[in-house]
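S.K.: Okay, so the sequence shown: first residue is 1241 according to our numbering, each after it adds one.
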Amino acid sequence: MKKEKIGVPPELTELKARLAEHRLAQYIRLNGGVPIPMAGAIYWLALAYVGTRTGLEGWAGLALPLSGAIFPLALLLAALMKNKFMSDKSAVGDVLLPTFIGMLLFWPMLVMAIKSASPELVVPILAIGMSIHWPVIGWSYNRTALFSAHSILRAGLTLLVWFTAREQILILIPLAVAATYILTIAAIYFDVARLKSKSLTPLSGALS
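(1) Under a three-way DSSP split, which group does Thr1294 fall into?
(2) Would the beta-carbon of Val1362 fall within 8 Å of that of Leu1350?
(3) Return the CA-CA distance between Pro1338 and Leu1344, expressed in angstroms with no decimal places.
(4) What do you reckon, are the CB atoms on Val1401 and Ile1413 nearer than 8 Å?
(5) One question on the structure: do Ser1327 and Arg1263 come within less than 8 Å of each other, judged by their Cβ atoms?
(6) Do you know how far the Cα of Ile1425 is from the Cα of Ile1365?
(7) If distances are taken between C-alpha atoms only, which option among Ile1377, Ser1371, Trp1379, Ala1286 comes closest to Leu1393?
(8) So, using beta-carbon positions, are Leu1287 and Ala1303 closer together than 8 Å?
(9) Output needed for Gly1445: all residues of its chain with C-beta closer than 7 Å, excluding positions within five of it in sequence on either side, in chain order.
(10) Looking at the unbroken alpha helix (DSSP H) that takes in His1262, where does it start and where does it end?
(11) Compare the Cα-Cα distances from Lys1436 to each of Gly1369, Gly1396, Gly1272, Ser1380 and report the closest residue.
(12) Pull up the distance between the alpha-carbon of Ser1391 and that of Thr1420, whole angstroms please.
(13) Out of Pro1249, Glu1261, Thr1253, point me to the one whose CA is closest to Ser1380's CA.
(14) Expressed to the nearest angstrom, what Euclidean distance is found between the alpha-carbon atoms of Gly1418 and Lys1256?
(15) Thinking C-beta only, is Ile1341 closer than 8 Å to Ala1300?
(16) Helix, strand or coil for Arg1449, going by three-state DSSP, please let me know.
(17) Whole alpha helix (DSSP H) runs in the segment 1351-1431 with 4 or more residues, listed along the chain?
Below you can see the structure in the form of structure tokens.
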């Protein structure tokens, strides 16, 4: 006796399509939440400068606590740009809290690196670890590929510097991460402009 194939109910297929449209609409409304990557770029450019002025201990002593300034800086940039990424609600917004909790779990690795025989590992761990949440953020905007590309490129460049110019990691890894942010911001602006040119109408609020 043949087993009956269980397909996706039509109502779920429709819901999935509507949810994808809803996520993309928020991406368009918020210009991809660019104040956050802008703040990230500023943070990493600042760390590149710090890398020219101090050694590993001084660099790490500033890099770790100053990472907490990224979000307040993003809020300031959002206010200047009139980007309402904090107040704009989404039907998939509940995924963000566990996403950030998962991302923050890389911090014990920083502590282990600092206490190990290779404390310079703090630099690549911070560079890669702070991008762990990007693919999920991309999914929430229906732009998984674009945001995942940021994480992949960032990790790849970090590894490249680590294996080819380890004596310059305090400068080159931050510059590589900042460059990835800048490239991503440009890609987001281009992508949003392209979507707007297709006359997609942004949805407001949650799904109805």
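Just so you know, even glycine gets a beta-carbon here, dropped at the ideal spot from N, CA and C. In this text the structure is predicted, and so the values were computed from the model without any measurement.
M.R.: With the given structure in hand:
(1) Position 54 of the sequence shown holds residue 1294. The DSSP-derived three-state label of Thr1294 is coil.
(2) Here residue 1362 refers to the residue found at position 122 when the sequence shown is read from its first residue. Here residue 1350 refers to the residue found at position 110 when the sequence shown is read from its first residue. Cβ distance < 8 Å, so Val1362 and Leu1350 count as in contact.
(3) To locate residue 1338, count along the sequence shown from 1; it is residue 98. To locate residue 1344, count along the sequence shown from 1; it is residue 104. Cα-Cα distance, rounded: 10 Å.
(4) What you label residue 1401 is simply residue 161 of the sequence shown in a count that begins at 1. What you label residue 1413 is simply residue 173 of the sequence shown in a count that begins at 1. Yes; because the gap between Cβ atoms is below 8 Å, this pair is in contact.
(5) Counting from 1 along the sequence shown, the entry for residue 1327 is found at position 87. Counting from 1 along the sequence shown, the entry for residue 1263 is found at position 23. At the C-beta level, Ser1327 and Arg1263 stay beyond 8 Å of one another.
(6) Taking the first residue of the sequence shown as 1, we reach residue 1365 at position 125. Taking the first residue of the sequence shown as 1, we reach residue 1425 at position 185. Answer to the nearest angstrom: the Cα atoms are 23 Å apart.
(7) Mapped onto the sequence shown, residue 1393 falls at position 153. Taking only the C-alpha atoms, the option nearest Leu1393 is Ser1371.
(8) As a working mapping, residue 1287 is identified with position 47 in the sequence shown. As a working mapping, residue 1303 is identified with position 63 in the sequence shown. In terms of Cβ geometry, Leu1287 and Ala1303 form a close pair [threshold 8 Å].
(9) Along the sequence shown, read from residue 1 onward, the residue named residue 1445 stands at position 205. Because Gly1445 carries a pLDDT of 47, less than 50, the predicted location of this residue cannot be relied on, and the following value inherits that uncertainty. For Gly1445, the CB contacts under 7 Å within the same chain, skipping 5 residues up- and downstream, are Lys1329 in chain order.
(10) What you label residue 1262 is simply residue 22 of the sequence shown in a count that begins at 1. Start and end: 1250-1269.
(11) By 1-based counting over the sequence shown, the position of residue 1436 is 196. With respect to the C-alpha of Lys1436, the residue from Gly1369, Gly1396, Gly1272, Ser1380 having the closest C-alpha is Gly1272.
(12) If you number the sequence shown from 1, residue 1391 lands on position 151. If you number the sequence shown from 1, residue 1420 lands on position 180. Spanning the two alpha carbons is a distance of roughly 9 Å.
(13) Within the sequence shown, residue 1380 is the residue found at index 140, counting from 1. Residue Glu1261 is the option with its Cα nearest to Ser1380.
(14) Residue mapping note: residue 1418 aligns to position 178 of the sequence shown, counting from 1. Residue mapping note: residue 1256 aligns to position 16 of the sequence shown, counting from 1. Before going on, a small fix: residue 1418 reads as Ala here, not Gly. Roughly 35 Å between the two C-alpha positions.
(15) For the purposes of this step, residue 1300 is identified with residue 60 of the sequence shown, where counting begins at 1. For the purposes of this step, residue 1341 is identified with residue 101 of the sequence shown, where counting begins at 1. Judged by beta-carbon spacing, Ile1341 lies beyond the 8 Å limit of Ala1300, meaning their Cβ atoms are not closer than that value.
(16) The question about residue 1449 has no answer here: the residues shown for the chain are numbered 1241 through 1448.
(17) The alpha helix (DSSP H) runs lying completely inside the segment 1351-1431 and spanning 4 residues or more are 1362-1369, 1374-1380, 1384-1404, given in chain order.
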